Amino acid sequence: MKKLVTILVAVAAMVAISVPALAVEPSSYTFDMGARMLTDIGWQSKSEELTKNQSSEVGSWFVNVPAHSYLRARFYSVDKNVGGRIELGLKSVQPDATVSLRYAYGYWRVGNCRILAGQTDNWFGSTAFAPKQFVGNSISNGYTTNHLMFMGWGFVWPHRVPQVQFTYETDQWGIQFALEEPRNKSTLDDASDVDNVFIMPRMTLTAMVRYGAFMFQPGVMYVKHGYEAGDTGSSDEEWDTMIFLLPIKFAAGPFTLKFQGHYGKNFATEIPFYETKWTKPVLNGSEVEDTIIWGGSLAGEYKIGKLMLTGGVGYENWSNDTWTNDDEITRWAAFVAVPYQFTTNFGIHPEFAYYKYGDNPNTGEDMGNEWVLGVQFRFIF
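One gets the numbering used here by counting positions in the sequence shown from 1 and adding 8 to each.
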């Protein structure tokens with residue numbers, strides 16, 4: 009027993025001596041955690057043209073955790089010149105609940121320059137210029153709709169993809185170039201006997217200018233898709249996705265005005281939330297006919313203490329010469345919302361949004377309309 013006591017005292021003494029040394033040993037990095045827990049509750053109504061029965065309007069309640077909820081970790085070196093971010097998306101639309109990867113990247117900063125590699129979005133299509141339209145991302149009543157920030161309804165967002173980017177930024181201006189993984193890996197008309205190839209990765213070049221109350225962030229995206237048919241009997245084809253963006257933001261006191269205009273071609277699946285059927289290129293015989301897309305969004309925000317009044321409109325025009333009845337589709341959307349921030353970490357976002365789908369360019373028939381009325385409960389840490 010005496011021997012055991014002696015050993016325990018010796019171990020305790022060693023621990024006591026080592027604790028000060030461990031306490032002063034410098035760490036090579038720091039990190040912080042963050043989370044966003046969102047819940048939507050509301051009512052969605054679709055006209056008969058958009059329903060499965062095709063004969064009557066359908067409305068339904070929904071309650072769900074939309075996919076832009078997240079759990080986030082950020083890492084920093086001691087001098088803050090090297091860092092990283094990992095963020096997992098959280099979604100519950102019963103009977104399924106899923107976790108997805110949103111961000112996973114690291115960066116190195118030297119002066120005004122930054123090199124970043126990993127999965128992320130970038131300045132091109134930055135959500136800093138997006139309307140605060142939040143309700144309706146992943147509705148759970150069987151008519152799933154992804155309505156968020158007017159994406160696909162006047163606002164272009166190219167999604168988070170693996171990329172390597174270089175940024176030079178000062179207080180007044182900056183420029184960013186990125187080589188990115190294309191999102192669209194499909195073949196034209198689902199051909200199964202050709203190989204999809206890319207001569208270059210997807211590329212974006214974006215500038216940033218701050219001038220007084222204004223901020224501008226014009227940019228261009230380009231990716232060329234190619235198909236190698238070999239001896240299969242199919243033809244070799246190629247087509248491009250190209251987008252020009254002009255986002256403008258004006259912020260003065262409690263008032264903010266946001267605008268994004270875009271022009272380009274063949275957005276389908278390369279840019280999320282754009283309907284694939286009407287925004288893809290069309291193979292017409294042996295010729296590829298591009299679908300031309302242009303539009304924009306405009307939104308205003310006014311803060312009164314903890315309350316905000318916000319609303320906006322979005323417009324899209326899609327055209328293709330192969331469509332038989334009309335060579336274009338025009339669609340639009342509008343929303344109003346009254347967010348209220350109870351505390352730093354908790355707020356609610358009541359919202360009403362309306363979506364007009366336009367006319368079918370092959371038949372001339374109305375493709376219907378939809379409205380969503382709901383409240384989002386927002387817990388952000």
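Glycine included, every Cβ here is placed at the ideal spot set by N, Cα and C. The model shown is predicted, which means the values in this text are computed figures rather than measured ones.
Each residue's CA atom was taken as its position, placing K285 and W331 some 12 Å apart. Taking C-alpha positions only, F263 is separated from M223 by approximately 14 Å.
Taking each of F206, W326, Y219 and P190 in turn and checking the Cα distance to T212, the smallest one comes out for P190.
For Q268 and V231, the gap between their C-alpha atoms comes out near 21 Å. Rounded to whole angstroms, the gap between the alpha carbons of V296 and V202 is 16 Å. For G50 and V344, the gap between their C-alpha atoms comes out near 15 Å. When secondary structure is reduced to three states using DSSP, K311 falls in the strand class.
By the Cβ-count criterion, V101 is buried, with 16 or more other Cβ atoms from all chains shown falling within 10 Å of its own Cβ.
Collapsing the DSSP output to three states places T212 in a strand.
For T178, there is no enclosing beta strand (DSSP E), since its DSSP letter is neither H nor E.
Per the Cβ contact rule, the region 313 to 324 is in contact with the region 137 to 145 (3 or more Cβ pairs under 8 Å). For T299, no beta strand (DSSP E) encloses it, and the DSSP letter there is neither H nor E.
Contact between the region 301 to 317 and the region 178 to 189 is absent, with fewer than three C-beta pairs closer than 8 Å.
Three or more Cβ pairs closer than 8 Å define a contact, and the region 124 to 132 meets that threshold against the region 160 to 172.
Residues of the same chain with a CB within less than 7 Å of the CB of N154, apart from the 5 flanking positions on each side, are N145, S146 and F281 in chain order. Looking at E65, T287 and P209, the one whose alpha-carbon comes closest to that of D335 is T287. In this structure K99 is not in contact with A81, their Cβ atoms being roughly 19 Å apart against a cut-off of 8 Å.
G160 has its alpha-carbon roughly 21 Å from the corresponding atom of G97. C-alpha of M316 to C-alpha of S194: approximately 42 Å in a straight line. In this structure, the beta-carbon distance from F387 to N353 falls below 9 Å. Residues Y78, R80, R110 and Y111 of the same chain have their beta carbon placed closer than 6 Å to that of E95, with the five preceding and five following residues left out of the count. Listed in chain order, the beta strand (DSSP E) elements of length 3 or more contained wholly in the region 22 to 93 are 37 to 54 and 66 to 85.
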